Amino acid sequence: MRVALGVAGGIAAYKAAELLRRLQDRGLEVQVVMTEAAREFVTPLTFASLSGNKVITGMFAEGGGEPNLASAIEHIAVAQNIEALVIAPATANLLAKLAAGLADDFLTTLCLATKAPIILAPAMNVNMWEHPATRLNVETLRQRGVQILEPDEGYLACGMSGAGRLASVEAIAQAMFVALGLQDDLQGETVLVTAGRTEEPLDPCRFLSNRSSGKMGYALAEAARRRSARVILISGRASLEPPASVAIERVRSGEEMARAVEKHREEATVFLMAAAVADFRPAQVESAKLKRQAGAPVLKLEPTTDILGAVARRRKPGQLVVGFAAETENVLQNAAAKLRAKRLDLVVANDVTQEGAGFEVDTNIVTLLFPGGRRVALEKMSKREVAHRILDAVVELRSECAAEQARPAAWSSKQLRKIPGTRK
Ligand code: PMT
4 MRVALGVAGG
14 IAAYKAAELL
24 RRLQDRGLEV
34 QVVMTEAARE
44 FVTPLTFASL
54 SGNKVITGMF
64 AEGGGEPNLA
74 SAIEHIAVAQ
84 NIEALVIAPA
94 TANLLAKLAA
104 GLADDFLTTL
114 CLATKAPIIL
124 APAMNVNMWE
134 HPATRLNVET
144 LRQRGVQILE
154 PDEGYLACGM
164 SGAGRLASVE
174 AIAQAMFVAL
184 GLQDDLQGET
194 VLVTAGRTEE
204 PLDPCRFLSN
214 RSSGKMGYAL
224 AEAARRRSAR
234 VILISGRASL
244 EPPASVAIER
254 VRSGEEMARA
264 VEKHREEATV
274 FLMAAAVADF
284 RPAQVESAKL
294 KRQAGAPVLK
304 LEPTTDILGA
314 VARRRKPGQL
324 VVGFAAETEN
334 VLQNAAAKLR
344 AKRLDLVVAN
354 DVTQEGAGFE
364 VDTNIVTLLF
374 PGGRRVALEK
384 MSKREVAHRI
394 LDAVVELRSE
404 CAAEQARPAA
414 WSSKQLRKIP
424 GTRK
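This is the structure:
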């Protein structure tokens, strides 16, 4: 996730380096933008070294000579690529320019050009902060939806005391995390996600596979990471960029996926099994390419390992197991049967015949089925949103689990009776 950190020219500019580190700790990729005045307080080299990115200090490329249009365009692309912009410290001068809609340097231009949420953390002399002009500018910006973090009170660098100290780095970072939808409710969890399709070889050139793109699983991995979980993504074939700060293991066949899941089974606290794993594979893998001239082969298939079933069967107390059910008919009945047979904590029923649902598309339509018989049908939404709704359910299950002190190893007969079609 890419964000921008603007630094204006104030004595608190050095604190932006600490803020940069805090944002990076949450896996954010940070583009630093400095005003001309900020360079008087901290050098761009400091931020470049910490962020690993070039620092933008002006509209045009550094080094003098003719203004370079390509560099200006490249710079302005930042506005489209960021998910949030924070300016710390924001000076009285900067607030005035933003309130007036000026765009006379890169940072002010970025503020006008971006549609991402903007957070300003002002820092200045107390009289400047309390001046009617600054009050009006702050009010104007707030009315436009800019979030302004009130400065703290205390001893100021100018020798006076009062409001004007930069808000704490933690408060600024938290405001960014909220703006980005980064919650902490999965902190301490290790979430193992399976995603994408498996490929079951037939001969050196061919395999059996399916249409899964990996989008649903990758969305889950990213959402879990955003909510502070440690994430292990076990990915079958998928042509997607893995989310930042996620440990990824790439596999091809169902057996490789089973081995990778087994490797991490003990350390995972939540399993989200979104991968489309082949149920059958060719019983024999030919060592040479099957030839057309030899006539159409009759394929003998054999079952693959049921990874989800194995995880659910062998789970330790406290491990939550979420399965998917990709169905084309009797969707809810089939999904409920999976929930029951594998004793899952949650099953995500996915009718893959619906438009805007299932394989390849960016949206999904799913129903969440809980062991107690509760069903939550979600309307069509982006896979990212679906992922968050599934994680909301995980958080809910976890708190129920905590309330019970420890998760029962097997379902109670009372729970089982609540599910239609179950008798125990
Ligand atoms: O990747 P996308 O293009 O975004 O598509 C998303 C999706 C349709 C793949 C996803 O939403 C989905 O429904 N994933 C489950 C696909 C699947 O294989 O469903 P199933 O009903 O066949 O399997 C049931 C469950 O058992 C699944 O959690 C599956 O991961 C798991 N399984 C299946 C077979 C097997 N050998 N081992 C398993 O663990």
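The sequence shown begins at 4 in this note's numbering and counts up by one. Just so it is clear, CB atoms sit at the ideal spot from N, CA and C, and this is done for glycine as well. None of these values were measured; they are calculated from a predicted model.
Can you check whether the CB of residue j is closer than 8 Å to the CB of residue i?
i: Ala261; j: Glu252; result: no
i: Pro125; j: Leu98; result: yes
i: Leu185; j: Arg29; result: yes
i: Ala82; j: Leu113; result: yes
i: Gly326; j: Cys404; result: no
i: Leu223; j: Leu293; result: no
i: Leu347; j: Leu371; result: no
i: Gly257; j: Arg240; result: no
i: Ser242; j: Ala198; result: no
i: Val273; j: Val397; result: yes
i: Ala170; j: Leu152; result: yes
Ends of the beta strand (DSSP E) at residue i?
i: Met276; result: 273–276
i: Ala198; result: 193–198
i: Met37; result: 32–37
i: Pro285; result: 283–285
i: Phe210; result: 209–211
i: Val234; result: 233–238
i: Pro125; result: 121–125
Is the beta carbon of residue i within less than 7 Å of some heavy atom of the ligand PMT?
i: Gly361; result: yes
i: Ala278; result: yes
i: Lys303; result: no
i: Val355; result: yes
i: Asn140; result: no
i: Asn96; result: no
i: Ser256; result: no
i: Asp309; result: yes
i: Asn367; result: yes
i: Met384; result: no
i: Gly12; result: no
i: Asp282; result: yes
i: Lys218; result: yes
In the DSSP assignment, find the alpha helix (DSSP H) that holds residue i and state where it starts and stops.
i: Leu115; result: 109–116
i: Ala136; result: 135–146
i: Glu252; result: Run containing Glu252: none in the alpha helix (DSSP H); it sits in the beta strand (DSSP E), 250–253.
i: Ala176; result: 172–182
Just to confirm my understanding: we take residue i, look at its own chain, exclude 5 residues before and 5 after, and list those with CB closer than 6 Å. What are they?
i: Pro423; result: Note that Pro423 has pLDDT 45, beneath the 50 cutoff, so the model's placement of it is unreliable and the number below is only indicative. Answer for Pro423: no residue qualifies.
i: Ala102; result: Asn140, Thr143, Leu144
i: Ala166; result: Val129, Trp132, Pro154, Glu156
i: Glu407; result: none
Report all residues from its chain with a CB closer than 7 Å to the CB of residue i; omit the five preceding and five following residues, and keep chain order.
i: Arg410; result: Here the model assigns Arg410 a pLDDT of 47, short of 50, so the residue's position is not dependable, and the following value carries that caveat. Within the same chain, Arg410 has close Cβ partners Pro320, Gly321, Cys404.
i: Ala40; result: Ala11, Gly12
i: Ala286; result: Lys303, Leu304, Glu305
i: Gln146; result: none
Taking 8 Å as the limit between beta carbons, can you name the residues of its chain near residue i, skipping five residues before and five after?
i: Lys57; result: Ala51
i: Val355; result: Ala329, Glu330, Thr331, Gly361, Phe362
i: Asp107; result: Lys100
i: Val288; result: Pro204, Leu205, Asp206
Relative to the ligand NAP, is the shortest distance from any of its heavy atoms to the C-beta of residue i smaller than 7 Å?
i: Phe327; result: Questions concerning the ligand NAP fall outside what the structure shown contains, since the ligands it does hold are the ligand PMT.
Of all the CB atoms in chain D, is at least one closer than 8 Å to the CB of residue i?
i: Ala87; result: Of the protein chains in this structure there is only one, and it is not chain D.
Threshold first: 3 residues or longer. Then list the beta strand (DSSP E) segments lying entirely within the stretch 305–390, N to C. 323–330, 349–354, 369–372, 378–380
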